[in-house]
Amino acid sequence: MSAFSAHTTLGIYRRSCPNDTILGNSFLQAYYCASSCYESATSGLCLNESISIYQSICQGIQCPSSSLNKGCYGVCPNPDIAGIGVRVAFYAQSLVNALIVIFSPDDAASSAWASTLLTGSLVIAAIAQKAQQPPTITLHHATLVFNYATLSCISSLAIAPLLPVWRSTVSEHHPPDHNHTGDDIAIGGTSTLDIPGVYTRARQMRQRIIISVALLLQVSLQWTWALIMFLSPAYQQTVCSGATALIFFFGQFSADEINDDKYYVWVLWLIFGLGATLFLTVVLAVSGQSRAYSDSLHSSRSSSSSRSQPPLKELFDAIRTSIKLLRQRRHQLILLVNLVSLGIWVSYILMSEIQTWANCIFPGENDFGTFGQITALILALAPVWVLVAAVPKVWRRVRRALRTYRRTRESISNSPAAIGRPDSMAIELDPPNSLHHSVGDVRERLRRGRTTPAGPRAIPIHKSTPVCTALKPDNTVKELTRTAVGTTGTP
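Under our numbering, residues 208 to 698 are what the sequence shown spells out, in order.
Rendered as structure tokens:
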């Protein structure tokens with residue numbers, strides 16, 4: 208089976224091209240002499256100045272007609288598929304998606320749809336060009352479409368399990384406490400999903416469905432284009448397909464080499480791209496809920512700081528805390544999957560750029576200004592405003608949560624009853640570096656009459672115990688419980 212329909216007549220016209228202008232030559236002679244462009248591409252001299260005028264003439268003759276069989280003088284440009292604006296759009300969109308998940312996970316649904324729309328616009332345009340008779344997309348651009356669709360899917364699927372929308376909220380297990388207000392912000396600013404009563408289960412399920420549909424469509428588009436490439440070997444400029452440079456696994460191959468004795472490279476390349484997205488999809492389905500804990504890496508980076516510490520000290524503490532979390536096996540697996548995904552993502556970017564450089568492409572593809580390139584770039588950068596607005600909000604949210612945490616902890620530890628009986632009744636809270644409690648969690652435990660055991664001396668506190676009976680008349684403790692629980696009664 209042939210992977211590509213290729214008939215190469217590279218360099219069949221070998222006449223000495225004059226260095227003077229084209230005015231003294233016939234039109235046909237200029238057309239023949241332009242063949243030196245593609246011959247020089249093999250030696251890295253593509254698009255040199257001495258033959259640029261012949262290239263323009265050859266491009267005007269060869270590109271409008273894909274059936275021209277007078278030699279291959281260069282790959283026709285396709286700026287709406289692989290222009291500089293489209294390439295930058297895909298790279299920037301992947302990076303912005305990752306940053307939005309870190310700084311504003313509640314906006315991840317809109318970001319996922321932006322990624323899906325960008326991938327869909329590229330793949331649908333490629334399918335439309337492939338369906339024409341004859342096709343108007345070259346083999347070089349078809350492989351680039353698969354590369355861009357794959358790296359977009361990898362970036363979306365790799366960060367999707369970290370979203371807090373996949374895990375259960377308190378409201379799914381306990382009735383919402385309407386006494387809590389919207390000011391209750393979880394430590395680290397991960398998401399308001401940790402707060403009872405703010406997000407209902409129905410709204411969370413809608414967000415899950417929206418993100419799931421976006422990711423499913425994105426992966427389906429990638430798989431669809433891979434099947435089209437595998438089953439339909441016809442492309443524009445059939446005469447150039449055999450000599451087109453293809454970069455698979457950082458190795459350069461031509462279609463003629465693959466058709467002759469290296470067909471397995473073509474199959475492995477498709478399986479690798481599809482397998483990477485399939486693996487990440489399975490990871491999302493299996494471990495999406497377990498990976499989105501409140502003590503994940505994106506929520507732990509800012510939780511160990513205090514109000515009095517300078518920003519550099521807080522950053523240092525966040526890095527130190529993240530390193531400590533890597534001692535846990537679960538966080539090691541998370542880091543491993545993310546590093547592998549990052550490596551694959553970078554590899555596809557490098558292979559795409561190397562392939563663009565390795566082929567002799569007629570001028571016009573790197574000229575930014577076409578409608579398709581501008582549209583793709585604007586669509587990719589649309590979520591940037593969400594990121595710009597989210598970064599200062601996260602910083603204020605973290606500092607407010609830490610102030611509340613420290614104030615609650617100091618009030619409990621400095622109460623007269625707690626000072627009088629430190630061994631039996633002090634309500635012990637985990638230190639900030641433990642990163643396992645938010646202010647909402649502390650209030651929920653106090654409301655239900657429980658504390659977190661922090662050592663052998665920490666005991667549960669119940670209403671029926673003498674300790675709680677002795678604490679009831681104390682105004683300091685009453686005021687503390689009003690502040691912590693958000694109610695006017697005792698816990």
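The beta carbon of each residue, even a glycine, is placed where N, CA and C say it ideally should be. In this text the structure is predicted, and so the values were computed from the model without any measurement.
Is it buried or exposed, Pro-590, if we count other Cβ atoms within 10 angstroms and call 16 or more buried? Sequence index remark: in the sequence shown, residue 590 carries index 383 (1-based). The residue in question, Pro-590, is buried, as its Cβ has 16 or more Cβ neighbours within 10 Å.
Using the Cα positions of Ala-492 and Leu-302, report the straight-line distance between them to the nearest angstrom. As a position in the sequence shown, residue 492 is number 285, starting the count at 1. As a position in the sequence shown, residue 302 is number 95, starting the count at 1. Their backbone Cα atoms lie some 23 Å apart in a straight line.
For Thr-431, the nearest candidate out of Val-330, Val-489, Pro-599 (CA to CA): Taking the first residue of the sequence shown as 1, we reach residue 431 at position 224. Cα-wise, what sits closest to Thr-431 is Val-330.
Going by C-alpha distance, which of Thr-615, Phe-460, Gly-290 is nearest Gly-576? Within the sequence shown, the letter at position 369 stands for residue 576. Measuring from the Cα of Gly-576, the nearest candidate turns out to be Gly-290.
Identify the continuous alpha helix (DSSP H) that holds Ser-328 and give its terminal residues. In the sequence shown, counting from the first residue as 1, residue 328 sits at position 121. First-last of the alpha helix (DSSP H) with Ser-328: 315 to 338.
State whether the stretch 440 to 453 contacts the stretch 311 to 329, with contact taken as three or more CB pairs (one from each stretch) at a distance under 8 Å. Using a Cβ-Cβ distance cut-off of 8 Å, the stretch 440 to 453 and the stretch 311 to 329 are not in contact, since fewer than three pairs of beta carbons, one from each stretch, lie closer than that value.
Rounded C-alpha distance that separates Arg-537 from Leu-543: By one-based count along the sequence shown, residue 537 stands at place 330. By one-based count along the sequence shown, residue 543 stands at place 336. Approximately 10 Å, taken between the alpha carbons.
Pick helix, strand or coil for Ala-237, following the three-state DSSP scheme. Here residue 237 refers to the residue found at position 30 when the sequence shown is read from its first residue. Confidence in Ala-237 is poor, its pLDDT being 44 and thus under 50, which makes the residue's placement unreliable; the coordinate value appears in the next sentence. Helix at Ala-237.
Does the beta-carbon distance from Gln-336 to Ile-454 come in below 9 Å? Residue 336 sits at position 129 when you count from the first residue of the sequence shown. Residue 454 sits at position 247 when you count from the first residue of the sequence shown. No.
Can you tell me whether Lys-559 is buried or exposed, with buried defined as 16 or more other CB within 10 angstroms of its CB? Residue 559 sits at position 352 when you count from the first residue of the sequence shown. The residue asked about is misnamed: residue 559 is Ser in this sequence, not Lys. Ser-559 comes out buried.
Rounded separation between Leu-217 and Val-352 - CA only: For the purposes of this step, residue 217 is identified with residue 10 of the sequence shown, where counting begins at 1. For the purposes of this step, residue 352 is identified with residue 145 of the sequence shown, where counting begins at 1. Reliability of the predicted coordinates at Leu-217 is poor, the pLDDT of 34 falling under 50, and no value is obtained from them.
How would you write the range of the alpha helix (DSSP H) that Gly-458 sits in, first residue to last? Locating residue 458 in the sequence shown gives position 251, counting from the first residue. Per DSSP, Gly-458 belongs to no alpha helix (DSSP H); it is in the beta strand (DSSP E), 458 to 461.
Going by the DSSP bridge assignment, what does Leu-364 pair with across the sheet? As a working mapping, residue 364 is identified with position 157 in the sequence shown. The partner list for Leu-364 (beta bridge, DSSP) is empty, contrary to what the question assumes.
Tell me the rounded alpha-carbon separation between Ala-441 and Pro-342. For the purposes of this step, residue 441 is identified with residue 234 of the sequence shown, where counting begins at 1. For the purposes of this step, residue 342 is identified with residue 135 of the sequence shown, where counting begins at 1. When rounded, the distance between both Cα atoms is 7 Å.
Buried or exposed: Val-553, going by 16 or more other Cβ atoms within 10 Å of its Cβ? Position 346 of the sequence shown, counted from the start, is the residue given in the question as residue 553. With fewer than 16 other Cβ atoms within 10 Å, it is exposed.
Look at Leu-369 and Val-282 and say whether their C-beta atoms are less than 9 Å apart. Counting from one through the sequence shown, the residue named residue 369 turns up at place 162. Counting from one through the sequence shown, the residue named residue 282 turns up at place 75. No, the Cβ-Cβ distance between Leu-369 and Val-282 is not below 9 Å.
Using the Cβ count rule (16 or more neighbours within 10 Å means buried), how would you classify Tyr-298? By 1-based counting over the sequence shown, the position of residue 298 is 91. Burial call: buried.
Starting from the Cα of Val-547, find the closest Cα among Leu-422, Ser-311, Ser-362, Leu-325 and give me that residue. Locating residue 547 in the sequence shown gives position 340, counting from the first residue. The shortest C-alpha separation from Val-547 is found at Ser-362.
Cβ neighbour criterion (16 or more within 10 Å) applied to Phe-569: Residue mapping note: residue 569 aligns to position 362 of the sequence shown, counting from 1. Buried: at least 16 other Cβ atoms inside 10 Å.
May I have the straight-line CA-CA distance separating Phe-457 from Asn-545, to the nearest angstrom? As a working note, residue 457 is residue 250 in the sequence shown. As a working note, residue 545 is residue 338 in the sequence shown. Taking the straight line from one Cα to the other gives about 21 Å.
Please confirm whether Gln-580 and Ala-333 have their CB atoms less than 9 Å apart. As a working mapping, residue 580 is identified with position 373 in the sequence shown. As a working mapping, residue 333 is identified with position 126 in the sequence shown. No.
For Arg-294, count neighbouring C-beta atoms within 10 Å of its own C-beta (all shown protein chains included) and say buried if the count is 16 or more, exposed if not. As a first step, residue 294 is located in the sequence shown; it is residue number 87 there, counting from the start. Buried.
Does Ala-289 come out as helix, strand or coil in the three-state DSSP assignment? Reading the sequence shown from its first residue, position 82 is the one you call residue 289. Three-state result, Ala-289: helix.
Among Arg-616, Ile-366, Ala-409, Gln-429, whose alpha-carbon lies nearest the alpha-carbon of Leu-487? Start at 1 with the first residue of the sequence shown, and residue 487 comes out as number 280. Minimum Cα distance to Leu-487 is reached at Ile-366.
Can you tell me whether Met-436 is buried or exposed, with buried defined as 16 or more other CB within 10 angstroms of its CB? Position 229 of the sequence shown, counted from the start, is the residue given in the question as residue 436. Buried is the call here.
Length of the line joining the Cα atoms of Gly-571 and Pro-286: Looking up residue 571 in the sequence shown gives position 364. Looking up residue 286 in the sequence shown gives position 79. Between Gly-571 and Pro-286, the C-alpha separation is close to 7 Å.
Helix, strand or coil for Leu-346, going by three-state DSSP, please let me know. The residue given as residue 346 occupies position 139 in the sequence shown. DSSP places Leu-346 in helix when its eight states are reduced to three.
Mind checking who Ala-452 pairs with in its DSSP beta bridge? Position 245 of the sequence shown, counted from the first residue, corresponds to residue 452. According to DSSP, Ala-452 bridges with Ser-461.
Find the nearest neighbour of Ala-565 within the set Asn-304, Ile-465, Arg-606, His-348, judged by alpha-carbon distance. Residue 565 sits at position 358 when you count from the first residue of the sequence shown. That would be His-348, whose Cα lies nearest to the Cα of Ala-565.
Would you mind reading off the limits of the alpha helix (DSSP H) that contains Ile-585? Counting from 1 along the sequence shown, the entry for residue 585 is found at position 378. If you look at Ile-585, you'll find it in the alpha helix (DSSP H) that goes 578 to 588.
Which same chain residues end up closer than 6 Å to Ala-305 when comparing Cβ atoms and leaving out the 5 residues on each side of it in sequence? As a first step, residue 305 is located in the sequence shown; it is residue number 98 there, counting from the start. Answer for Ala-305: Ile-366, listed in chain order.
What would DSSP say about Gln-539, mapped onto helix, strand or coil? In the sequence shown, counting from the first residue as 1, residue 539 sits at position 332. Gln-539 falls in the helix class under three-state DSSP.
When we look at the beta-carbon of Leu-428 and count the other beta-carbons within 10 Å, is it buried (16 or more) or exposed? As a position in the sequence shown, residue 428 is number 221, starting the count at 1. When all chains shown are included, Leu-428 counts as buried.
Thinking C-beta only, is Ala-450 closer than 9 Å to Cys-279? Within the sequence shown, the letter at position 72 stands for residue 279. Within the sequence shown, the letter at position 243 stands for residue 450. Yes. Within cutoff.
Please classify Ser-311 as buried or exposed, where buried requires at least 16 neighbouring CB atoms within 10 angstroms. For the purposes of this step, residue 311 is identified with residue 104 of the sequence shown, where counting begins at 1. The residue in question, Ser-311, is buried, as its Cβ has 16 or more Cβ neighbours within 10 Å.
Would DSSP call Gln-443 helix, strand or coil? Position 236 of the sequence shown, counted from the first residue, corresponds to residue 443. Three-state result, Gln-443: strand.
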